[in-house]
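Report on the structure given below.
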Amino acid sequence: MSEFEPHLISAIICVFNDWDPLEDCLKSFALQEGSPGFEVVVVDDGSLLTLPDSIKYHQYPYRIRFVRQNHCGLSTARNTGIRAAIGSIFLFTDADCILDRNCLYNLSQEIAKHHDANCFQLCLTGEDSHLIGRAEQLHLSTIQMHKLLPTGHIRYLNTAGAAIRRRSTPPGGQVFDARALRAQDTLLLSYIISSGELPRFVNSATISHNVRLTVPRYLWKGLWTGYVEGRTYGIIRTIGVSVRSTAPERFGMLLSMWNNCLSHAWGVFPLVIVLARQSLSFLGCLSYRCFGRISAWASFRSGVSQTDN
């Protein structure tokens, strides 16, 4: 056997103080059915809260390792996880994500089927039992539907659920650009597109993004992340790749979200939340471009959980 186990998936989860949702995430790995061999690498990005004993000493039915680093940000934490991982496939997810029972099995089947593909976007959903979860579901389902191409590729990458082959990564595990404090996955997508590829969409491998935020906190995060993402989109502009949706695409997504709300009998509140968050995100990004270039790092260092998406 080579240095890296050929069929092993290395799931990389980065954590900054968000230990509570991580317990449910790790349980979902334990419930996988028919999955190939896998390990979980948890990277503690300098959390102020210590790793709970309920996680540290739990007997998981899979290999799990905990790696700690100084608080450097999500990009650096993911690169640290890559260097610690031993699998041939890197699966990125978040602490507040729950894998469907057949997620890893279906992902492995898709990877085996497409030998030439190097990047895979898993199907992301929201938890529709509460308002923010329904807003997240509305946003995720719409953007995945509109970014999906007839070839089975998707012009979208969200590392709440994405997989990359080790063979396609640069030496030293520097997959994510440390300059990007947020929207690291969008920047990675721009690099992938510039190399002539697109992620394959794995509709059968589902991950639920269970956002546990109040409405005010969720909206505030839209403003904050938009502001910090301003730096990342500045980098993307230098690459010369277009990743943002056009005005007609945004209008089409709006109509889809409206119809989705009606079909689920959710009412308009999830749509209002999505539009409010997107508007605040745009305002934050515009603010960064106008006058916020110096203070973005200070905002990042203020201490925000990795799962506050």
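This note's numbering numbers the first residue of the sequence shown as 1313 and each following residue consecutively. Where is the CB? At the ideal position from N, CA and C, for every residue including glycine. None of these values were measured; they are calculated from a predicted model.
Check, Outcome
"With 16 other CB atoms within 10 Å as the buried threshold, where does alanine 1517 fall?", "buried"
"Mapping the DSSP letters down to three states, classify histidine 1442 as helix, strand or coil.", "coil"
"I'd like the list of long-range same chain contacts for glutamate 1541, defined as Cβ closer than 7 Å, with 5 residues on each side in sequence excluded.", "Arg1494, Ala1495 and Cys1597"
"Does the beta-carbon of isoleucine 1606 have 16 or more other beta-carbons within 10 angstroms, so that it is buried, or is it exposed?", "Because isoleucine 1606 sits at a pLDDT of 42, beneath the cut-off of 50, its placement in the model cannot be relied upon, and the point is left open."
"Note the first and the last residue of the continuous beta strand (DSSP E) segment covering aspartate 1406.", "1399 to 1406"
"Buried or exposed for valine 1586, please, with buried defined as at least 16 other CB atoms from any protein chain shown within 10 angstroms of its CB.", "buried"
"Residue range of the beta strand (DSSP E) that phenylalanine 1513 falls in?", "1512 to 1521"
"Shortest alpha-carbon distance to leucine 1338 belongs to which of Ser1359, Tyr1369 and Thr1362?", "Tyr1369"
"Let me know the secondary structure DSSP gives leucine 1434 once reduced to three states.", "strand"
"Check whether the segment 1527 to 1535 and the segment 1451 to 1470 are in contact - that is, three or more C-beta pairs closer than 8 Å.", "no"
"Tell me which residue opens and which closes the beta strand (DSSP E) that glutamine 1496 is part of.", "Unbroken run through glutamine 1496 is the alpha helix (DSSP H), 1496 to 1506; no beta strand (DSSP E)."
"Nearest CA to the CA of valine 1514: which residue from Tyr1545, Ile1466 and Met1565?", "Ile1466"
"For the candidate residues Tyr1545, Val1487, Arg1549 and Arg1477, whose alpha-carbon lies nearest to that of serine 1420?", "Arg1477"
"Smallest Cα separation from serine 1441: which of Gly1484, Glu1509, Ala1577 and Thr1544?", "Ala1577"
"Using CA coordinates, which residue listed in Leu1574, Glu1509, Ser1520 and Ile1455 is at the minimum distance from threonine 1558?", "Ile1455"
"In this structure, how does DSSP classify aspartate 1357 when only helix, strand and coil are distinguished?", "strand"
"So isoleucine 1410 packs on aspartate 1336, CB below 8 Å; how close in whole Å?", "6 Å"
"Starting from the Cα of asparagine 1382, find the closest Cα among Val1553, Pro1528 and Asp1356 and give me that residue.", "Asp1356"
"Is the beta carbon of proline 1511 sitting closer than 8 Å to the one on glutamine 1433?", "yes"
"Could you tell me the boundaries of the alpha helix (DSSP H) in which leucine 1411 lies?", "That residue, leucine 1411, is in no alpha helix (DSSP H); its beta strand (DSSP E) goes 1409 to 1411."
"What's the C-alpha gap between arginine 1491 and proline 1348?", "34 Å"
"Starting from the C-beta of glycine 1485, find all residues in its chain whose C-beta is less than 6 Å away, skip the five residues before and the five after it, and write them out in chain order.", "Asn1391, Ile1394 and Arg1395"
"Thinking C-alpha only, which one of Val1584, Val1327, Gly1346 and Ala1342 is nearest tyrosine 1374?", "Ala1342"
"What residue range does the beta strand (DSSP E) around glutamine 1381 cover?", "1375 to 1381"
"State the start and end residues of the unbroken beta strand (DSSP E) segment that holds glycine 1473.", "1473 to 1477"
"Throw me the rounded Cβ distance for the glycine 1464 and serine 1520 pair, which I believe falls under 8 Å.", "Not confirmed; about 22 Å, so no contact."
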